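Taking it in order: structure first as structure tokens, then the write-up.
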Amino acid sequence: MERWVLHLDMDAFFASVEQLTRPTLRGRPVLVGGLGGRGVVAGASYEARVFGARSAMPMHQARRMVGAGAVVLPPRGAVYGAASGRVFETIRTVVPVLEQLSFDEAFGEPTEIAGADAAEVERFCEALRAKVFDETGLVSSVGAGSGKQVAKIASGLAKPDGVRVVRRDEERVLLAGLPVRSLWGIGPVAEERLRRLGIETIGALAQLTDGEVADVLGGTIGPALHRLARGIDDRPVAERADAKQISAESTFAEDLRTLAELRGAVDRIGRYAHRRLLKDGRGARTVTVKLKRTDMSTLTRSATLPYAATDVALLVSTARRLLLDPIEIGPIRLVGVGFSGLSDIQQESLFPDLEQGDEDLAADGTDGATPAPAAAEPPAWRIGDDVSHPDHGHGWVQGAGHGVMTIRFETRSSGPGIARTFRADLPEIIRADPIDSLDWRDYLDTVHRDTE
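Start counting the sequence shown at 1; every next residue gets the next number (full-length UniProt numbering).
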């Protein structure tokens, strides 16, 4: 019987969870990510995407695109982890075996739809999406095809809030017209190699021979990508073991010859690896930097933190402190940043301004730049903090400054809440567990009991 592989992807997951737990934000352009000058967007709601904002974009650029209506919030990893847990627990009641890729996406291969026609598969997917929404209030998109590659492409076509089933007789046509970068495993370097040969679509790649692809992309990965380009994908769906390391690396067209160039590269690569760490829902204790010189020799240096951290400024600045000057060791052709010692127990840095170091406060790593002065004392409250008040209950800080703060009191189940302004030093207002904003008391109590 013909197999059907599903790819389920939660729509704008981080921003959607913020809108779910903070009902006032529903329908508004929400940006989740770093709030500082170098902050990067970790998630953007569809209302923000209308303006061109997207994940991995510098936050200052996204805010400029969206305008004054943008709501910018720091990530709340614990809340996303709890929401993700309930989403995939719900899915497993229908699809027991899942290959979960991150907080918000997974593959499945339900046995009951093996050999079914496209209409049956579509009904199955719609029922699955409805079950997830009924249980969690979160919206998802599902793609279905003969293998993982087509299923993942299909879920992208289904977004937002939809289902796309790709029949066998339309797979080759669908793949042929897509950019070659859409193919799983094609990164910027491989894309550039193919582009130089005039190969810009998956269809053009599929028309090459195995030997030609191997010459361009290598004897190991080339033939595998060629099979995917032709719609041949028999990779099984299987539960994933937890990764022991999350890393990213890049080979540069021109060697890096200055410390400023190297710092800029580590900033970009480290932040990309951090986004993967955030999606994985874990913190990292050990930071490793990999440098490959033009003679192909490799240098690696590591540093271990006292706790598993998720703070991007701390992790990236640690990577920068491990760098060696190319003037002393020679030009660098490849840079990698890895995070290991991974743990589900995450601790945010209490004093990120002090831990990130002066070099990370310099203007984009430019040699000779004057470090910006560190704040004398971090603010007591920041926008997005979860708080609790004895009379009004759970809320979150909408604004803070000049000795006062505005708090919106609401949770997932409350509907849009009231806003009140208080003195920032009011003792009745205390920090609250962010997970309480989900207000899934029965579910979260059960999870807690199961882990004790």
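No residue lacks a Cβ here, since even glycine has one placed at the ideal position from N, Cα and C. As the structure is a prediction and not an experimental result, all values here were calculated from the model.
Member of the options whose CA lies at the smallest distance from the CA of residue i
| i | options | result |
| --- | --- | --- |
| Asp134 | Leu299, Val87 and Gly264 | Val87 |
| Gly338 | Glu428, Gln245 and Ile329 | Gln245 |
| Thr298 | Val95, Leu128 and Gly330 | Gly330 |
| Ser414 | His7, Leu25 and Met10 | Leu25 |
| Val266 | Asp210, Pro110 and Ser317 | Ser317 |
| Arg76 | Gly33, Gln100 and Gly264 | Gly33 |
| Ala224 | Glu239, Ile186, Ile199 and Asp311 | Ile186 |
| Gly231 | Trp440, Glu328 and Ile153 | Ile153 |
| Val30 | His60, His274, Val66 and Glu126 | Val66 |
| Thr310 | Glu328, Arg276 and Val289 | Arg276 |
| Ala436 | Arg408, Arg420, Gly395 and Gly403 | The sequence shown places Asp at residue 436, rather than the Ala named in the question. Here the closest residue by C-alpha is Gly395. |
| Gly137 | Met405, Asp11, Arg333 and Lys290 | Asp11 |
| Ser302 | Leu208, Leu291, Ala44 and Ala118 | Leu291 |
| Thr294 | Leu323, Arg333, Phe422 and Ala176 | Arg333 |
| Ser146 | Gly115, Phe124, Ala176 and Arg240 | Gly115 |
| Val94 | Ala144, Glu109 and Gly222 | Glu109 |
| Leu183 | Ser340, Gly69 and Ile199 | Ile199 |
| Glu18 | Gly39, Val40 and Ala44 | Ala44 |
| Arg129 | Leu101, Lys159, Arg38 and Val312 | Lys159 |
| Asp169 | Val150, Val180, Leu157 and Gly156 | Val150 |
| Arg196 | Val216, Phe51 and Gly393 | Val216 |
| Trp440 | Gly222, Val180, Ala144 and Ala83 | Ala83 |
| Thr411 | Asp425, Leu322, His392 and Thr421 | His392 |
| Ala106 | Arg263, Glu120, Lys148 and Thr21 | Lys148 |
| Ala48 | Gln61, Arg38 and Gly36 | Gln61 |
| residue 526 | Leu305, Glu112, Val50 and Glu120 | Within the shown structure, residues of the chain are numbered from 1 to 452, placing residue 526 beyond reach of any answer. |
| Leu174 | Arg181, Glu192 and Ile202 | Ile202 |
| Val166 | Ile418, Ala419 and Arg3 | Arg3 |
| Arg257 | Ala238, Gly211, Val335 and Pro416 | Val335 |
| Arg193 | Phe252, Arg320, Val237 and Ser141 | Phe252 |
Residue i: CB within 7 angstroms of a non-hydrogen atom of the ligand FMN
| i | result |
| --- | --- |
| Gly34 | Of the ligands one can find in the structure shown there are none, so the ligand FMN has no counterpart to examine. |
Span of the beta strand (DSSP E), counted from its first residue to its last, around residue i
| i | result |
| --- | --- |
| Leu98 | Leu98 to Gln100 |
| Leu194 | Note, Leu194: premise wrong, no beta strand (DSSP E); alpha helix (DSSP H) at Pro188 to Arg196. |
| Ala419 | Ile418 to Arg423 |
Reduced DSSP secondary structure (H/G/I, E/B, other) of residue i
| i | result |
| --- | --- |
| Ile246 | strand |
| Gly270 | helix |
| Leu174 | helix |
| Gly341 | strand |
| Gln347 | At Gln347, the pLDDT of 39 sits below 50, so the modelled position is not reliable; the number obtained from the coordinates is stated separately. Coil, per DSSP. |
| Leu438 | helix |
| Leu256 | strand |
| Leu262 | helix |
| Ile113 | helix |
| Val237 | coil |
| Arg320 | helix |
| Arg3 | coil |
| Pro427 | coil |
| Asp391 | coil |
| Ala15 | helix |
| Asp169 | helix |
| Gly415 | coil |
| Gly368 | A caution first: Gly368 carries a pLDDT of 28, below 50, which makes its placement in the model unreliable, though a value can still be read off. Coil. |
Residues that residue i bridges to, as DSSP identifies them
| i | result |
| --- | --- |
| Asp9 | Glu105 and Ser141 |
| Arg164 | Gly143 |
| Trp396 | Asp386 and Arg408 |
| Leu334 | Thr251 and Lys292 |
| Gly401 | Val404 |
| residue 453 | This structure cannot speak to residue 453, because the chain is shown only from 1 to 452. |
Residue i: first and last residue of the uninterrupted alpha helix (DSSP H) it sits in
| i | result |
| --- | --- |
| Gly156 | Lys148 to Ala158 |
| residue 473 | The chain is shown only over 1 to 452; residue 473 falls outside these bounds and no answer can be derived. |
| Gly203 | Ile202 to Ala206 |
| Gly222 | Ile221 to Ala229 |
| Gly211 | Asp210 to Leu217 |
| Arg329 | Position check: residue 329 holds Ile in this sequence, whereas Arg was assumed. Per DSSP, Ile329 belongs to the alpha helix (DSSP H) from Pro326 to Ile329. |
Practice problem: Ignoring anything shorter than 3 residues or poking outside the stretch 19 to 100, list the beta strand (DSSP E) runs there in chain order. | Solution: 30 to 33, 41 to 44, 71 to 73 and 98 to 100
Practice problem: For the stretch 270 to 314, list the beta strand (DSSP E) runs that are entirely contained and at least 3 residues long, ordered along the chain. | Solution: 283 to 293 and 298 to 309
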